[in-house]
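Heads up, the thing below is written out as structure tokens.
Number of protein chains: 2
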Amino acid sequence: MNLARTIEEVRQEVREARQAGKCVALVPTMGALHAGHMSLIDTAKGACDFVAVSIFVNPTQFGPGEDLDAYPRTPEEDFAACEERGVDLVFLPDVKTMYGGGGLTTVSVARLGETLCGRARPGHFAGVCTVVAKLFHIVQPDRAFFGAKDYQQAAIIRRMTADLNFPIEIVVCPTVRESDGLAMSSRNRNLSPEERRQAVALSQSLQLARQLIEESRPPAAEIIQAMKEYLAETAPDGEVDYLQIVDPRDLSDVAATDKPVLVALAVKFSRARLIDNMLVDSQARTS
Amino acid sequence: MNLARTIEEVRQEVREARQAGKCVALVPTMGALHAGHMSLIDTAKGACDFVAVSIFVNPTQFGPGEDLDAYPRTPEEDFAACEERGVDLVFLPDVKTMYGGGGLTTVSVARLGETLCGRARPGHFAGVCTVVAKLFHIVQPDRAFFGAKDYQQAAIIRRMTADLNFPIEIVVCPTVRESDGLAMSSRNRNLSPEERRQAVALSQSLQLARQLIEESRPPAAEIIQAMKEYLAETAPDGEVDYLQIVDPRDLSDVAATDKPVLVALAVKFSRARLIDNMLVDSQARTS
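Set out below in structure tokens:
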């Protein structure tokens, strides 16, 4: 495995891979790698011959007062995990490498970025789209891999890729969870032990929503109310940032739950804001 | 020469060219090709083995009340001119091919796009950047060619290309002029004979600015005043849209003319808004 810190090194590595006829995968990450990332890497390795992982805590997707400084950084462990997993190239740029030239250009996606996390974090998705566009141009992969835990991010990246005709296939992989159901996230490291116990309430509240929808398809407002009550009781140290039931295609709020819906929430603990989501299709009930 | 109307056809042609080891050039145009475009094509042919010309009157770079409908369209003549000039591929998409998927994504460049034509045409450069990003992804050229008549556009495209790490070299070619000095433009076709006679005042006013700067480096405000008086007298049917003297690097207004400056103006006639510009470096005086 090679470690590249400059854009030129990445381009050289990828050029050689491509000249050898290899299909190139990119797994963009912010590091502090966990089993969710490993799942993306495994999927990428199954789909392509050459897997590049980028590790960059992108400052432009953090707002004022957010956790840019507190975001966990574990480059040595990340590097070892990538090596052990058979990654071909790790791209570990610094901020100057990524934004030294000026950074006047922004890529933004209307509508999809204005709800859920985008409403709570203004400018966040423009930061995400811009850095992903840069990484796409630096690595020029055939396929790029994103996690479903960040459903909205994946939807926005898909939209950006289609709208701007990037010659790249976007692959979205299922959320990986701890044994108690908590979605894997680098930010879980910033939970206190007590908060970690309470944090299971996020996925449990989503299970509650699924159960309610599969039983009786109640109006979205009723489900949201039930989830809020559950969260208040089970995760008293968490503050609900948003809790929405939306159309999975355009992320617009829905009132009814008789069609497929995405239930999504964000909960703030003292040093970590966690997100989770679940697709629920009442018509696909299997039980 | 081949004509492609779909993205898939373009990609197929470019893939074959690249497999044959060819360097790929893109000359993005809005058609109604003139000698300025031919100069871009000739330069592209000198620099690359495979030259693609796109012809697309991009609606998203026209504002309400602008000349989208009146913009000249001459596809048959354009096609013949490209063939005669040795172009390899003409990409002639319709609006649905370019924006049928949704078009929620925008690429924009801060600051550089907020002055000169950007102030007069809000949203114009976001439209330009977005369609150029799309064309870059569709054609994936090694080099792309733009004209210096659209100095601000070229500066913005350069900035976008660098900021987003497009693996593309931007080449800016000199403005081509009619024998009396009028800058070549598709919009010149929309001038009445009398307006055409008056339109020479744009380049003549730029020559006046150059002469003043080379003689005595007067303050920018004095030069602008002299140019306005010249235009009022020589082109009474034209209305000055803007007339600015700016730093060529960041397009910010300058007060002094002792360093290199860009003198740029736009003048509206009844059915055509014309632009022109000139780089003047008082220290590089050759006479």
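Respectively, the protein sequence lines represent chains L and V. The opening residue of the first sequence carries number -9 in the working numbering; numbering runs sequentially from there. The opening residue of the second sequence carries number -9 in the working numbering; numbering runs sequentially from there. Cβ coordinates follow ideal geometry from the N, Cα and C atoms, glycine included.
Of all residues in the stretch 69 to 102 of chain L, the ones placed with a Cβ closer than 8 Å to any Cβ belonging to chain V are G91, G92, G93, L94, T95, T96, V97, S98, V99, A100, R101 and L102, in chain order. Annotation: Y61 (chain L) is outside any alpha helix (DSSP H) and is labelled neither H nor E by DSSP. Look at Q130 (chain V) here: in three-state DSSP terms it is coil, with no helix or strand label. At least 8 Å separates the beta-carbon of F40 (chain V) from that of V80 (chain V). Per DSSP, the unbroken alpha helix (DSSP H) holding T151 (chain V) starts and ends at Y141 to D153. Secondary structure at D231 (chain V): strand, using DSSP grouped into helix, strand and coil.
For M20 (chain V) and N178 (chain L), the gap between their C-alpha atoms comes out near 52 Å.
If you look at S29 (chain L), you'll find it in the alpha helix (DSSP H) that goes A25 to A37. In this structure, T50 (chain V) and T120 (chain V) form a Cβ contact; the two beta carbons are roughly 6 Å apart against a cut-off of 8 Å.
Contact annotation for L154 (chain V) against chain L: T95, V97, T120, A123, K124 and H127 [CB-CB distance below 8 Å, chain order].
Residue pairing by DSSP places N(-8) (chain V) opposite V:L79 in a beta bridge.
Interface annotation, P18 (chain L): not in contact with chain V, CB-CB separation never under 8 Å.
Between A144 (chain L) and L16 (chain L), the C-beta gap is not smaller than 8 Å, which leaves the two residues out of contact.
Proximity of I147 (chain V) to chain L, defined by a Cβ-Cβ separation below 8 Å, is not satisfied. Beta-bridge pairing by DSSP links D84 (chain V) to no other residue.
The bridge partners DSSP lists for R263 (chain L) are L:K258. Measuring C-alpha to C-alpha distances from R111 (chain L) to each of L:I265, L:L269 and L:Q273 identifies L:I265 as the nearest.
In this model, L202 (chain L) and P208 (chain L) are separated by some 7 Å (Cα to Cα). In this structure, the alpha-carbon of A(-6) (chain V) lies about 17 Å from that of V122 (chain V). Remark: C-beta atoms of L106 (chain V) and L241 (chain V) approach each other more closely than 8 Å. Beta-bridge analysis with DSSP links C163 (chain V) to V:G137. Of the residues V:A256, V:R5 and V:D78, the one whose Cα lies closest to the Cα of G108 (chain V) is V:A256. Only buried fits Q234 (chain L), as 16 or more other CB atoms lie within 10 angstroms of its CB. Taking 8 Å as the cut-off, the Cβ atoms of L30 (chain L) and C163 (chain L) count as close. Here DSSP, grouped into helix, strand and coil, assigns L172 (chain L) to coil. The CB of Q130 (chain L) comes closer than 8 Å to the CB of P157 in chain V, given here in chain order. One Cα belongs to A10 (chain L), the other to C38 (chain L), and the distance between them is close to 13 Å. Per DSSP, the continuous alpha helix (DSSP H) segment holding I213 (chain L) begins and ends at A210 to T224.
When DSSP states are grouped into helix, strand and coil, D240 (chain V) belongs to the coil group. Taking CB atoms only, I265 (chain L) has no neighbour in chain V less than 8 Å away. In this structure, the CA atom of Q215 (chain L) is about 50 Å from the CA atom of E56 (chain V).
The beta carbons of D227 (chain L) and Q188 (chain L) sit closer together than 8 Å. In this structure, R63 (chain V) lies near V47 (chain V), with their beta-carbon atoms less than 8 Å apart. The beta carbon of M150 (chain V) falls within 8 Å of a beta carbon belonging to chain L, placing the residue at that interface.
With its beta carbon at least 8 Å from every one in chain V, I45 (chain L) lies outside the interface. Under the DSSP assignment, P18 (chain L) falls in the beta strand (DSSP E) whose first and last residues are V14 to T19.
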